[in-house]
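Structure, as structure tokens:
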Amino acid sequence: MNLESADDPRQQGLEYARTGDYQSAIDAFNQAIQRDPTDARAYYQRALLYRRLKDFQCALSDFDHAASLQPGYTEAYYQRGITHYVLQKFLPAIQDFSQVLSLDPSNVQALIGRGISYLEFAEYEQALLNLDRAIACDAAQAGLLGAYGSRGQANAALKRHAEAISDFEHALTFAPDDVILLNRLGAAHTDSGHPERALACYDQALRIHQGAAFTYNNRGEAYRLLKRYAEAIVDFNSALTIDPDLALVYYNRGLAQSGLGHYQQAIADYNRALALNGGLALIYRDRAAAFRLLKQYYEAIADYTQALASNPDDVEAAFGRGTTYLYLDDPLPAIDDFDHVIELLPEFACAYNNRGEAYLRLFDLKQARADCGHSWQLDDEHVDHGWMTLWIDMCSNRPELAQAESLDRIASVNPGDYAAYLCRAAAAWLRQDLQQALHEVEHAITVDAEQWGAYFWRGLLYALLQRDREALDALEYALALNLPPVLLCPLKWLQYERSDFYQKYVLPLLRRTQE
């Protein structure tokens, strides 16, 4: 204790505080306040000590006293704002920072404080206004106080990815070893559609701190989005080694397992994630997709229904459930789901196409043609939409050679698509090149052996080639794969070229399947 402070308890308090003897410092400030109850500085300094000791209510009380004794005491308002922020009382914090700025409009600290408080309220534009002002007042001081990083958060939340990336990069010039900033920069790259650029950020973060589970998770997500699923799983495993109770990481690992086609492992991860955090409603939708791919359709519907209970406007869940109802040959609830999807997203072409299939299962060719035709108009890049439209046409009207050119044109959009092979097969059939038609059908089956379309056309072509037993086997297999029976209608045109086959086999088949 120096002689100057021997008779000044407030100075004694400051010296005790500098040495870390906080209780003695508080005792000294108590003496100072007893000696002079109007000493605003003593209340202010005691408040800082109370806050350091996490006695926030005493700290706020002392800041209140200091401000009431000295209404222009900007530091008291500012530190009270910081205390309110620490207590997550963001509205009082904003009011305190605003009080500082009414006294000192260029106070960089208060501008940043008010900006980050607005961030907590998701008032991103207000946050940007304050952070912009702070940087304009003193870019160097604002940078040291984290303004660029906070502004990057606001820009990222507003999906202004280029601005967010620029801000995070600028923030890193002030704090190059800040692991959180590196992760935020990586996330901004990922959100901008460039997860490959995020990898360097996460690599750098892990060189600085290898024990950050969230960095492994974020890098794993970047790998997953790049379809580097095995590397993603390695990172998710590392994150879970550090912290085995991270529900989000199990969920992300499940997505990566699905990407590898490991649907049972994916479901196990989704189950674990839900056990840890039942509020992650998105998991139900993704678990439903895994169940659907395993052909566990009732389990899939239960999960889609759970997802929709949490968010009735979840387009993916409604579309997925409607599609699953189609697999179960249950068209009415499928139509209800597709109606809802179309209400939410009127330009979603696949919803019209799938609703068209549901109407096919109700033998409503007119409505099916309207829906499939509309889906094709909305998105002519989908080969299967155009193909289904013409197949329906061939059910209602006798096919004409002129349709071959339309089929070729549809196939040219994506020549390697499953439906493109069927388009070319039907075009060759119309041109009476049955061997080429059969060749295209066989190619379609190599692309996807579990779709019903190719087997129907194989059956029709075998009939024309006098391979009757093989024709019937192919048609029955198409039905076993859930071909809508109404799509058998093109067989009726065989009456002109294979009347014997038509009378003996086609008529009984049509009666059996379309009654």
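Mapping to my numbering: the sequence shown position 201 is 201, numbers consecutive. Even for Gly, the Cβ is constructed at its ideal location relative to N, Cα and C. In this text, all values refer to a predicted model and were calculated from it rather than measured experimentally.
Y77 is positioned such that its CB atom lies closer than 7 Å to that of A67. Assigned with DSSP and collapsed to three states, R160 falls in coil, not helix or strand. Nearest in C-alpha terms to E163, of all of A139, Q141, H189, A175, is H189.
Of the residues F236, Y352, E400, L282, the one whose Cα lies closest to the Cα of D384 is Y352. Cβ contact annotation for E196 (same chain, cutoff 7 Å, sequence separation greater than five): L226, in chain order. The beta-carbon distance between L144 and F168, rounded to whole angstroms, is 16 Å. This is too long to meet the 8 Å contact definition.
Annotation note: the stretch 91 to 176 contains no uninterrupted beta strand (DSSP E) run of length 3 or greater.
In the three-state DSSP reduction, N218 falls in the helix class (H, G or I). With a beta-carbon spacing of about 6 Å, R51 and T83 fall inside the 8 Å limit used to define contacts. Just measuring C-alpha positions, the residue of P485, Y496, F501 sitting nearest R511 is P485. If you draw a straight line from the Cα of A478 to the Cα of W452, it is about 5 Å long. Residue range 9 to 19 is occupied by the alpha helix (DSSP H) that includes Y16. Shown here for Y304: same chain residues with a beta carbon closer than 6 Å to its own, the five before and five after excluded, namely A288, A317, G320, R321 in chain order. Boundaries of the alpha helix (DSSP H) around V447: 434 to 447. Within the same chain, Cβ atoms closer than 6 Å to the Cβ of G254 are found at A266, D269, Y270, the five residues on either side in sequence being excluded. When the Cα atoms are used, A139 and P105 turn out to be separated by approximately 16 Å. The C-beta distance from P399 to L430 rounds to 6 Å, short enough to meet the 8 Å contact threshold.
When the five nearest sequence neighbours on each side are left out, the beta carbons in the same chain lying within less than 6 Å of the beta carbon of R10 are those of A32, A42, in order along the chain. In this structure, the alpha-carbon of E347 lies about 35 Å from that of L460. For L328, the secondary structure class from DSSP, reduced to helix, strand or coil, is coil.
Counting the other Cβ atoms within 10 Å of the Cβ of V506 gives 16 or more, which makes it buried. Going by beta carbons, A239 and A198 fall outside the 7 Å limit.
Ranked by how close their Cα comes to the Cα of I135, the residues G149, E123, Y124, C201 have G149 in first place.
Across the structure, P312 and L488 are spaced so that their CA atoms are roughly 37 Å apart. With a cut-off of 8 Å on Cβ pairs, the stretch 437 to 450 is in contact with the stretch 408 to 426, counting three or more such pairs.
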